[in-house]
Amino acid sequence: MEMVATIAEVRAAVAEARARGKSVGFAPTMGALHEGHLALIRRARAECGASTALQDPEGSLQGPRGALSLAPPVRQAQGEPRTKSRGGFVVVSIFVNPTQFAPGTDLEKYPRDLASDSAKAASAGADLAFAPAVEEIYPPGDSTFVEVTGQLVDCLCGPARPGHFRGVTTVCARLFHIVVPGRAYFGEKDYQQLLVIKQMVRDLHFPLAVVSVPTVREPDGLAMSSRNAYLSAEERKAAAVLSRGLFAARELFASGERDAAALIAAAKRVIAPEPRLKLQYLELRDAETLAEIKRVGGSAVLALAAYVGQARLIDNVVLG
Ligand code: AMP
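Right, here's the structure in full:
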């Protein structure tokens, strides 16, 4: 695996891979890689390296010479298999994105360990790691943001972290333009972010598929997160109660309960007694629109944010 720091190097490596017929998978991260991140890379490796059986949304992008060509796709007779894929090219970005941190939060102390990240990304199957300096992504004098508006950002983490999602969509839009992936991989751990990115991709006609990857958890249920590194031993133990609360609600849902208040109360009964946890929100919302719901009809997400000491952790379960 190669590690590069400039846009020019990424573009050259991706162009070469495409010229060899490879499809490009991309996992954006802020580094301090753990098994959650590696699950995205492994999934990209498995899907982008696979051949024609997969419905490849990138097919429509690949002109005869691949690369960044927007030439029309080669026409195929119906039922004819698409030109055999010659494997994939998996890119991971490692960039602690300053625009998604509010002033005075953990931007400075966010864990950084490029050497270890490089080894982990390589072992999970990445071909290229892109670890740019801030000025590479945000050149001096730039003044463009990308912002999703409305319900998806006006609830849950949106009001709690003003400007956060604008920072996330801005950096992802820039990274998508640099890498031009056919598939981009995001974790369900950051469920609201996943929906916001899907919305941006749809609205701005990015020619890529957003692939969601289930949350990877520690053996005691705690969702893996780079921010877990902030926890003391006692806080770490207390943090496991968050997922236990969500799982209690999920069990109640499995037994037939559909009332939002009852499901939320089931989670709170587990979480509230732990004095080290300070819930910021615990809400049940529609799994696609994030609209508030009183009863679960289709699919819902039970999402929470909580402070455990200095660390702000988020987690969720999808019901239905
Ligand atoms: P981050 O480095 O925290 O910005 O996360 C980068 C990507 O990894 C995002 O798409 C996250 O949703 C995903 N991710 C982080 N933690 C997990 C986890 N425990 N399970 C699955 N995906 C995760």
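Under my numbering, think of the first position of the sequence shown as 21, with each following residue one higher. Just so it is clear, CB atoms sit at the ideal spot from N, CA and C, and this is done for glycine as well.
TYR211 and LEU172 have their C-alpha atoms roughly 11 Å apart.
Judged by DSSP in its simplified three-state form, GLY45 adopts strand.
Spatial neighbours of GLY317 in its own chain (CB-CB distance under 7 Å, excluding positions within 5 residues in sequence) are not present.
Per DSSP, the unbroken alpha helix (DSSP H) holding GLN219 starts and ends at 211 to 223. For a cut-off of 8 Å, the C-beta gap from LEU322 to LEU215 is around 15 Å, too long to register as a contact. Its Cα nearest to that of PRO201, the residue PHE226 stands out among SER275, PHE226 and LYS298. Straight across, the Cα-Cα distance linking ARG63 with VAL233 is about 8 Å. In this chain, the alpha helix (DSSP H) harbouring LEU58 covers 55 to 69. Look at the beta carbons and you see the region 37 to 53 touching the region 235 to 249: at least three pairs across the two are nearer than 8 Å.
Residue pairing by DSSP places LEU242 opposite no residue, since no beta bridge is assigned to it. ALA286 is a Cβ neighbour of LEU272, given a cutoff of 8 Å.
ALA325 places its beta carbon less than 8 Å from that of CYS177. Exclusion of the five residues before and after VAL231 leaves ARG203 and TYR205 as the residues of its chain whose Cβ lies within less than 6 Å of its Cβ.
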